[in-house]
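**Q** Residue numbers (our numbering), protein chains in the order written: chain A, 10 to 241; chain B, 10 to 241.
Below you will find the structure I want to go over with you.
2 protein chains.
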Amino acid sequence: MSETPVSDATVGRLPVYLRSLVDLAKADVSSVSSARLSAAVGVNSATLRRDLASLDITGTRGVGYDVKYLVAAISRALGVNQEWPVAVIGAGNLGRALANYTGMSERGFPVRALFDVDATKVGSTVADLPVHHVDELPSVIEAHGISVAVIVTPPEAGQAVADAVVAAGITSILNFTGTGLDVPDGVVVRQVDLATELQILSFYQQRGTAQHRLGFEYFVDVDGPVLAHSST
Amino acid sequence: MSETPVSDATVGRLPVYLRSLVDLAKADVSSVSSARLSAAVGVNSATLRRDLASLDITGTRGVGYDVKYLVAAISRALGVNQEWPVAVIGAGNLGRALANYTGMSERGFPVRALFDVDATKVGSTVADLPVHHVDELPSVIEAHGISVAVIVTPPEAGQAVADAVVAAGITSILNFTGTGLDVPDGVVVRQVDLATELQILSFYQQRGTAQHRLGFEYFVDVDGPVLAHSST
DNA sequence: TAGATTGTTAATCGATTAACAATC
DNA sequence: TAGATTGTTAATCGATTAACAATC
Chain A
10 MSETPVSDAT VGRLPVYLRS LVDLAKADVS SVSSARLSAA VGVNSATLRR
60 DLASLDITGT RGVGYDVKYL VAAISRALGV NQEWPVAVIG AGNLGRALAN
110 YTGMSERGFP VRALFDVDAT KVGSTVADLP VHHVDELPSV IEAHGISVAV
160 IVTPPEAGQA VADAVVAAGI TSILNFTGTG LDVPDGVVVR QVDLATELQI
210 LSFYQQRGTA QHRLGFEYFV DVDGPVLAHS ST
Chain B
10 MSETPVSDAT VGRLPVYLRS LVDLAKADVS SVSSARLSAA VGVNSATLRR
60 DLASLDITGT RGVGYDVKYL VAAISRALGV NQEWPVAVIG AGNLGRALAN
110 YTGMSERGFP VRALFDVDAT KVGSTVADLP VHHVDELPSV IEAHGISVAV
160 IVTPPEAGQA VADAVVAAGI TSILNFTGTG LDVPDGVVVR QVDLATELQI
210 LSFYQQRGTA QHRLGFEYFV DVDGPVLAHS ST
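What follows is the structure, given as structure tokens:
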């Protein structure tokens, strides 16, 4: 076991590494150096090696990292090799879009239940799933072994819904309401805030020359030269 | 003019400050100290003062900051006081959800045009907007003075669409495809990646005790005691 | 053995924050 | 004037990265 804790920055890069590695595996590349992989994802090679080391993932000096092993190890760290059934709270436009989005299941996050408070929605069917009343959260979550809640209600309802899903035993929340959520320790919230993203865009738009380092911008080319790049 | 450049971290906090300030303004609070506002948004007060200073926003020693002035100044910095017409590329579930999402217009980002390549979608109407073929990007973007493109196509199409919107003069992109985009300097891309967010959640879920610092988690109470908090 | 590449130390960088002089 | 709070300096912290000994 490594002494090094895994930093949030490292966790954020893992999905990026994984995607690039899956491409390499598809192209039958068996071994990859930190230099090559890091160039593909636009990260410094020392950072990449340090990230892997913090997960106790090792390579072979003089050779590099085994691609299949890397895919397996990062997948395991990210929990990508198991299913995390999801509940979507809020059956509005966005909630229905998520329920219909095949990417959820493909990525191991199948939507198993939908909830709303609107009497005209409760009882209807979206993407072959019945829309439950929010009051049924505890029983439905229990029944389906749901571990992740995606909150797509209007902002006013966000905190109440968060309280309800936490009370029902949920410890991972993906929050699309603009509101910040107050949750107990041990519950993880990720904020996806469209309005904030757009406002950040308009900030740079307005500033003209966008001297802006992006979250993750990268470009992979397995066969040819590898180019990593960010707008500056 | 301030010497200090505005860091990306600062820009990311501005929308959070603004939302809290709007609440204060609604509650008829005329003046606020950095201590109070920073507590409300869960940020250190020195960080807040530094953020404001980097935008040349000043307060009054011994008094604090004028709320209305702060709202105006941050709004102006974020470009929130003007409209940024948006094009949505991809008329699938998510694209249609965005077109129907009233929050876009409310926040100053009205969806003015929809695009797709699917012949069965082109010509149809979504949220009172005709779905154009992607080939029409240049003319439609020109006609509506569109400055922001939201890409919600399948990942495979992401780069081609990005190239097309950039060629059509767009300099701000909100990218929902999981793919990284290679864009020229001066074009700003914000990545909104559902799969990555979910994978990060499952990482912490799996680790059990989530020792996780959230992007922006905050809690505002204008009247009573102010509590800032993040799950640890 | 010679070349390549890891794993990690030590230097660097940038961002956060404590602390306090300036000043309302 | 006394109290409050800004604006900013200097210290601190954490993350990135250059550099290199270890070793395949």
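In this text, a Cβ means the ideal position worked out from N, Cα and C, and glycines have one as well.
Remember, predicted model here, so these are calculated numbers, not experimental data.
Which residue from Gly99/B, Val15/B, Glu92/B puts its Cα closest to that of proline 127/B?
**A** Stepping through the second sequence from its first residue, residue 127/B is reached at position 118. Looking at the sequence itself, residue 127/B is aspartate, so the reference to proline does not match. Checked all of Gly99/B, Val15/B, Glu92/B; the closest Cα to aspartate 127/B is Gly99/B.
**Q** Alpha carbon to alpha carbon, how far is leucine 190/A from arginine 216/B? Give it in angstroms, no decimals.
**A** The sequence position of residue 216/B within the second sequence is 207, counting from 1. The sequence position of residue 190/A within the first sequence is 181, counting from 1. If you take the alpha carbons of arginine 216/B and leucine 190/A, they lie about 21 Å apart.
**Q** Which residue marks the beginning of the alpha helix (DSSP H) containing glutamine 215/A, and which one marks its end?
**A** By 1-based counting over the first sequence, the position of residue 215/A is 206. Counting along the chain, the alpha helix (DSSP H) containing glutamine 215/A begins and ends at 203–216.
**Q** Could you tell me whether the Cβ of serine 39/B comes closer than 9 Å to any Cβ of chain A?
**A** By one-based count along the second sequence, residue 39/B stands at place 30. No - not a single Cβ of chain A is within 9 Å of the one on serine 39/B.
**Q** Give me the DSSP bridge partner(s) of phenylalanine 124/B.
**A** Counting from one through the second sequence, the residue named residue 124/B turns up at place 115. Looking at the DSSP assignment, phenylalanine 124/B forms a beta bridge with Ile98/B, His141/B.
**Q** Please determine, among Ile66/B, Asp75/B, Leu57/B, Gly68/B, the residue with the shortest C-alpha to C-alpha distance to leucine 33/B.
**A** For the purposes of this step, residue 33/B is identified with residue 24 of the second sequence, where counting begins at 1. The shortest C-alpha separation from leucine 33/B is found at Asp75/B.
**Q** Looking at the secondary structure, which residues open and close the beta strand (DSSP E) in which isoleucine 160/B lies?
**A** Residue numbering aside, residue 160/B sits at position 151 when the second sequence is read from its first letter. Run containing isoleucine 160/B: 157–160, per the beta strand (DSSP E) assignment.
**Q** Please report how far the alpha carbon of valine 72/B lies from the alpha carbon of serine 29/B, in whole angstroms.
**A** In the second sequence, residue 72/B corresponds to position 63, counting from 1. In the second sequence, residue 29/B corresponds to position 20, counting from 1. Each residue's Cα considered, the two are about 19 Å apart.
**Q** Touching or not, the segment 191–206 of chain B and the segment 130–137 of chain B, by the rule of three or more beta carbon pairs under 8 Å?
**A** No, the segment 191–206 of chain B is not in contact with the segment 130–137 of chain B.
**Q** Determine the chain B residues that contact isoleucine 209/A at a beta-carbon separation under 9 Å, and present them in chain order.
**A** The count along the first sequence starts at 1 and reaches residue 209/A at position 200. Simply Asp17, Val20, Gly21, Leu23, Pro24, Leu87, Val197, Arg199.
**Q** Classify lysine 35/B: buried if its beta carbon has 16 or more other beta carbons within 10 angstroms, exposed otherwise.
**A** To locate residue 35/B, count along the second sequence from 1; it is residue 26. The residue in question, lysine 35/B, is exposed, as its Cβ has fewer than 16 Cβ neighbours within 10 Å.
**Q** Nearest by alpha-carbon distance to glutamate 151/A: which of Val131/A, Gly178/A, Ala169/A is it?
**A** Residue 151/A sits at position 142 when you count from the first residue of the first sequence. The candidate whose alpha carbon is nearest that of glutamate 151/A is Gly178/A.
**Q** Residues of chain A with CB closer than 7 Å to the CB of valine 31/B, please, in chain order.
**A** Taking the first residue of the second sequence as position 1, residue 31/B is located at position 22. Neighbours of valine 31/B on chain A: none; closest Cβ ~11 Å, over 7 Å.
**Q** Classify glycine 154/A: buried if its beta carbon has 16 or more other beta carbons within 10 angstroms, exposed otherwise.
**A** For the purposes of this step, residue 154/A is identified with residue 145 of the first sequence, where counting begins at 1. By the neighbour-count rule (16 or more Cβ atoms within 10 Å), glycine 154/A is not buried but exposed.
**Q** Report all residues from its chain with a CB closer than 6 Å to the CB of alanine 86/B; omit the five preceding and five following residues, and keep chain order.
**A** Translated into positions along the second sequence, residue 86/B becomes position 77. Answer for alanine 86/B: Leu64, listed in chain order.
**Q** From serine 54/A to aspartate 17/A, what distance separates their C-alpha atoms?
**A** Along the first sequence, one-based indexing puts residue 54/A at 45. Along the first sequence, one-based indexing puts residue 17/A at 8. Whole-angstrom Cα-Cα distance: 18 Å.
**Q** Going by other Cβ atoms of all chains shown within 10 Å of its Cβ, with 16 needed for buried, is serine 43/A buried or exposed?
**A** For the purposes of this step, residue 43/A is taken as residue 34 along the first sequence, with counting starting at 1. When all chains shown are included, serine 43/A counts as buried.
**Q** Cα separation between leucine 23/B and leucine 57/B?
**A** Taking the first residue of the second sequence as 1, we reach residue 23/B at position 14. Taking the first residue of the second sequence as 1, we reach residue 57/B at position 48. Rounded to whole angstroms, leucine 23/B to leucine 57/B spans 10 Å at the Cα level.
**Q** Give me the Cα-Cα distance between glutamate 226/B and valine 161/B, rounded to the nearest whole angstrom.
**A** Taking the second sequence and counting its residues from 1, one reaches residue 226/B at position 217. Taking the second sequence and counting its residues from 1, one reaches residue 161/B at position 152. Legend: pLDDT at glutamate 226/B = 31, less than 50; position of this residue unreliable, value from coordinates given subsequently. Their backbone Cα atoms lie some 27 Å apart in a straight line.
**Q** So with CB distances below 9 Å, who are the chain B contacts of valine 177/A?
**A** Here residue 177/A refers to the residue found at position 168 of the first sequence. For the record, residue 177/A in the displayed sequence is alanine; it is not valine. What alanine 177/A touches in chain B: nothing, since even the nearest Cβ is about 15 Å away.
**Q** Where do the N-terminal and C-terminal ends of the alpha helix (DSSP H) with valine 175/B fall, by residue?
**A** On the second sequence, position 166 is the one that residue 175/B refers to. 164–176 is the span of the alpha helix (DSSP H), which, as asked, contains valine 175/B.
**Q** Specify, as a first and last residue, the run of the beta strand (DSSP E) that valine 197/A falls within.
**A** Start at 1 with the first residue of the first sequence, and residue 197/A comes out as number 188. Element bounds for valine 197/A: 197–200.
**Q** If we ignore side chains and look at the alpha-carbon of each, how far apart do glutamine 168/B and threonine 188/B end up?
**A** Within the second sequence, residue 168/B is the residue found at index 159, counting from 1. Within the second sequence, residue 188/B is the residue found at index 179, counting from 1. Answer to the nearest angstrom: the Cα atoms are 8 Å apart.
**Q** So, are the CB atoms of leucine 61/B and alanine 96/B less than 9 Å apart?
**A** Start at 1 with the first residue of the second sequence, and residue 61/B comes out as number 52. Start at 1 with the first residue of the second sequence, and residue 96/B comes out as number 87. Their beta carbons are not under 9 Å apart, which means leucine 61/B does not touch alanine 96/B by this criterion.
**Q** What does tyrosine 74/A touch in chain B if you count any residue whose Cβ is under 9 Å from its own?
**A** Taking the first residue of the first sequence as 1, we reach residue 74/A at position 65. Those do not exist, as tyrosine 74/A stays about 20 Å from chain B at its closest Cβ, beyond 9 Å.
**Q** Are glutamine 214/B and serine 39/A closer than 9 Å when you measure CB to CB?
**A** One-based indexing of the second sequence puts residue 214/B at position 205. One-based indexing of the first sequence puts residue 39/A at position 30. No.
**Q** Phenylalanine 118/A to alanine 108/B, Cα distance in whole Å?
**A** For the purposes of this step, residue 118/A is identified with residue 109 of the first sequence, where counting begins at 1. For the purposes of this step, residue 108/B is identified with residue 99 of the second sequence, where counting begins at 1. Their Cα atoms are separated by approximately 25 Å.
**Q** Between the C-alpha atoms of valine 41/B and asparagine 90/B, what's the straight-line distance to the nearest angstrom?
**A** Here residue 41/B corresponds to residue number 32 of the second sequence, with the count starting at 1. Here residue 90/B corresponds to residue number 81 of the second sequence, with the count starting at 1. Using only the alpha carbons, I get a separation of about 22 Å.
**Q** What distance in whole Å lies between the Cβ atoms of phenylalanine 185/A and valine 159/A, which are believed to be in contact at a cut-off of 8 Å?
**A** The residue labelled residue 159/A in the question sits at position 150 within the first sequence. The residue labelled residue 185/A in the question sits at position 176 within the first sequence. That belief holds up - the Cβ atoms of valine 159/A and phenylalanine 185/A are roughly 7 Å apart, short of 8 Å.
**Q** Which runs of the beta strand (DSSP E) fall wholly inside the segment 27–112 of chain B and span at least 3 residues, in chain order?
**A** Segments of the beta strand (DSSP E) lying fully in the segment 27–112 of chain B: 95–98.
**Q** Is DSSP giving leucine 23/B helix, strand or coil here?
**A** Within the second sequence, residue 23/B is the residue found at index 14, counting from 1. In this structure, leucine 23/B counts as helix in the three-state DSSP scheme.
**Q** Any beta carbon from chain A within less than 9 Å of threonine 205/B's own beta carbon?
**A** Position 196 of the second sequence, counted from the first residue, corresponds to residue 205/B. Yes, threonine 205/B lies at the interface with chain A (some Cβ there is under 9 Å from its Cβ).
**Q** From this set, His142/A, His141/A, Leu79/A, which residue's C-alpha is nearest valine 31/A's C-alpha?
**A** Here residue 31/A corresponds to residue number 22 of the first sequence, with the count starting at 1. Nearest option by C-alpha distance: Leu79/A.
**Q** Taking 9 Å as the CB-CB limit, is phenylalanine 124/A close to chain B?
**A** Taking the first residue of the first sequence as 1, we reach residue 124/A at position 115. Not one chain B Cβ lies under 9 Å of phenylalanine 124/A.
**Q** Could you tell me the distance, in whole angstroms, from the CA atom of leucine 203/B to the CA atom of serine 114/A?
**A** Position 194 of the second sequence, counted from the start, is the residue given in the question as residue 203/B. Position 105 of the first sequence, counted from the start, is the residue given in the question as residue 114/A. Going by the C-alpha atoms only, they are around 12 Å apart.
**Q** Please work out which residues of its chain come closer than 7 Å, Cβ to Cβ, to alanine 122/B, disregarding the five sequence neighbours upstream and downstream, and give them in chain order.
**A** Translated into the one-based positions of the second sequence, residue 122/B becomes position 113. Here the set comprises Ala96, Leu138, His141, Val149, His153, Ile155.
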